[in-house]
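**Student:** So the sequence shown is numbered by the working numbering: it starts at 65 and just counts up by one.
What follows is a single structure, and I will ask about it in a moment.
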Amino acid sequence: MISEVSRWSGSMAKSDSFFIRHTTNIGNTANFAQGTIDLGAYVDALGKSVLRIHNIAVTMSDATGTTSEVTATGSAPYNGAAAQFQLTTQSQTDTVLPSSKAVISS
65 MISEVSRWSG SMAKSDSFFI RHTTNIGNTA NFAQGTIDLG AYVDALGKSV
115 LRIHNIAVTM SDATGTTSEV TATGSAPYNG AAAQFQLTTQ SQTDTVLPSS
165 KAVISS
């Protein structure tokens, strides 16, 4: 859940909760893949409106929403499977370490 908080000089900030949903097709390869979510519509720097992220939920599934079956096929070192995700503040060319200031969640 993400909430937009408008900052003003009153005693309490106005907060409206909403959800942003996004699908990224990462293909069926071992290559790095990424998708972007434009949050510009949710932030107003001149109006001092900020975006606060409260929760991130990730699902890795096939095109129908079903969990993909992971099988150990192939020859070493490619005889297993792994999946990971990162939410970052800027585009990346590969996964980055969690210590990077660009990482919001991983």
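Note that CB positions come from ideal geometry on N, CA and C, so glycine has one too.
These numbers were taken from a predicted model, which means no experiment stands behind them.
Kindly list the residues whose CB is nearer than 7 Å to the CB of LEU103, restricted to its own chain and excluding five residues on each side of it in sequence; keep chain order.
**Tutor:** Answer for LEU103: LEU115, listed in chain order.
**Student:** Going by DSSP, name the residue or residues bridged to THR131.
**Tutor:** Paired residue(s): SER125.
**Student:** Confirm, please, whether the CB-CB distance from VAL107 to PHE149 is below 8 Å.
**Tutor:** Cβ atoms of PHE149 and VAL107: not closer than 8 Å.
**Student:** For SER170, report the span of its beta strand (DSSP E) as first-last.
**Tutor:** Counting along the chain, SER170 falls outside any beta strand (DSSP E), and DSSP gives it neither H nor E.
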